[in-house]
Structure formats: C-alpha cells, structure tokens
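Structure, as structure tokens:
In the working numbering, the protein residues as written are 134 to 324.
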C-alpha cells in the first residue's frame with residue numbers, strides 16, 4: 134500500500150501553528166536586540182501594568198484605584214482601559230521576573246494570538262496554504278507593526294489580536310448558525 138504524501142489535516146494545522154509562532158517570534162526579535170520603543174503611550178501602559186501586578190500580588194483581582202499615579206494622589210484611568218492587556222503583561226512579568234522580558238513575551242503572545250485568529254478565520258474561506266499566507270501577512274501589516282515599533286499602542290495592539298476571532302465568530306454564525314446562536318451574537322454585539 135502506498136502512503137499518501139499529503140499531510141493529515143491535524144498535522145498540517147499544528148505545523149501551521151508552529152510556523153505562525155516562529156514568524157511572530159522573528160518579528161519581535163528587534164525588541165530583544167534594540168529594546169522596546171518609547172512611544173507616547175508606553176509609560177502609561179507600564180504604569181497600569183505595574184498597578185495590576187501589585188494588585189494581583191496582594192490578592193485583589195481588579196484594582197479599583199491607581200494609587201501610584203499623579204504624584205501619589207491616584208487615578209481612575211485603569212477603569213477605562215481594557216484590562217486584558219495588563220493581565221497578560223502581569224502574567225508574563227510573573228513568569229519572566231522582569232518587566233522587559235515580560236513585555237517582550239506578551240508582545241510575542243499577542244502577535245501569535247492575532248496570527249492564529251487570522252489563520253482560523255481565513256480557513257473558513259480559503260485553503261490551508263492561503264490561510265497561512267494570510268496569517269503571516271496579518272502579522273506584518275504596517276499599522277500592526279507601527280502599534281509596537283513606533284507608537285507603542287500596547288492596548289490597541291492587544292485588541293487587534295482579538296479582532297480576527299470576532300470575524301471568525303461572525304462568519305460561523307452567519308454560515309452555520311441557528312436562531313439561538315444569532316440571538317446570542319446580537320446580545321453580545323449589543324452589550
């Protein structure tokens with residue numbers, strides 16, 4: 134019996150995931166060699182991440198007041214930014230032991246998540262090879278790179294990594310959904 138030269142669907146998927154991971158790692162190598170660029174938003178993001186890290190260290194899951202901002206008078210700004218970015222930064226800070234390494238790992242993570250989301254979404258419409266190429270292009274689109282390498286828009290960058298999953302969900306609802314799924318989708322869209 135002759136073996137097929139084609140990869141199984143699962144093997145191909147895992148191979149593509151590894152390619153996306155290594156591409157995300159390759160894109161972030163300049164951060165390891167030249168440092169994290171100091172954009173206008175960088176101090177604020179790391180200040181918020183530090184507040185989340187301290188809060189989590191003391192057993193509070195969500196900080197209600199940023200006590201280290203405004204010369205010790207505090208600030209409520211952390212309530213207006215999406216907390217996912219700061220939880221991820223805090224998690225990688227905990228794992229790595231330093232803010233620099235934690236931030237680099239978090240950026241690799243968000244690149245990887247965005248690439249996987251784009252890959253899964255593109256697989257709904259195109260072949261696996263085309264989906265992989267689309268995911269790799271998503272990782273290097275100029276604005277996406279600008280968010281990290283020039284403007285340091287870390288919260289926006291993190292949100293951009295989740296958007297492909299929103300498109301994937303909307304695609305699946307429109308293609309395969311029933312009335313209940315559509316109702317849940319509308320509810321999530323509304324709230």
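A virtual CB, placed ideally from N, CA and C, is assigned to each residue, including glycine.
Local conformation of residue i per DSSP, three classes
i           : result
residue 284 : coil
residue 324 : Caution is warranted here: a pLDDT of 49 is assigned to residue 324, below 50, making its placement in the model unreliable, and no coordinate value can be reported.
residue 173 : coil
residue 134 : Any reading at residue 134 must be qualified, since the residue scores a pLDDT of 44, below 50, and its modelled position is unreliable; no value is offered.
residue 208 : strand
Residue from the options whose Cα sits closest to the Cα of residue i
i           : options               : result
residue 202 : 213, 180 and 235      : 180
residue 143 : 261, 282 and 240      : 261
residue 148 : 252, 177 and 163      : 252
residue 189 : 208, 285, 242 and 226 : 226
residue 220 : 240, 162 and 301      : 240
residue 164 : 273, 256 and 233      : 233
residue 170 : 223, 229, 287 and 302 : 287
residue 254 : 304, 195, 175 and 146 : 304
residue 236 : 177, 222 and 309      : 222
residue 258 : 174, 195, 301 and 176 : 301
residue 211 : 167, 177 and 152      : 177
residue 215 : 308, 317, 306 and 292 : 292
residue 185 : 198, 307 and 175      : 198
residue 173 : 285, 317, 307 and 306 : 285
residue 145 : 263, 273 and 278      : 263
residue 151 : 308, 242 and 317      : 242
Presumed contact (8 Å Cβ cut-off) between residue i and residue j, rounded CB distance
i           : j           : result
residue 229 : residue 238 : 6 Å
residue 290 : residue 280 : 4 Å
residue 273 : residue 160 : 7 Å
residue 192 : residue 200 : Not a contact, Cβ separation roughly 16 Å.
Q.
Counting beta carbon pairs with one atom in the region 296 to 307 and one in the region 242 to 250, are three or more of them shorter than 8 Å?
A. Cβ pair count under 8 Å is three or more, so yes.
(Q) Does the region 149 to 159 come into contact with the region 266 to 279, if we say contact requires no fewer than three beta-carbon pairs (one atom in each stretch) closer than 8 Å? (A) yes
**Q.** Continuous beta strand (DSSP E) assignments of at least 3 residues falling wholly in the region 226 to 268
**A.** Runs of the beta strand (DSSP E) inside the region 226 to 268: none found.
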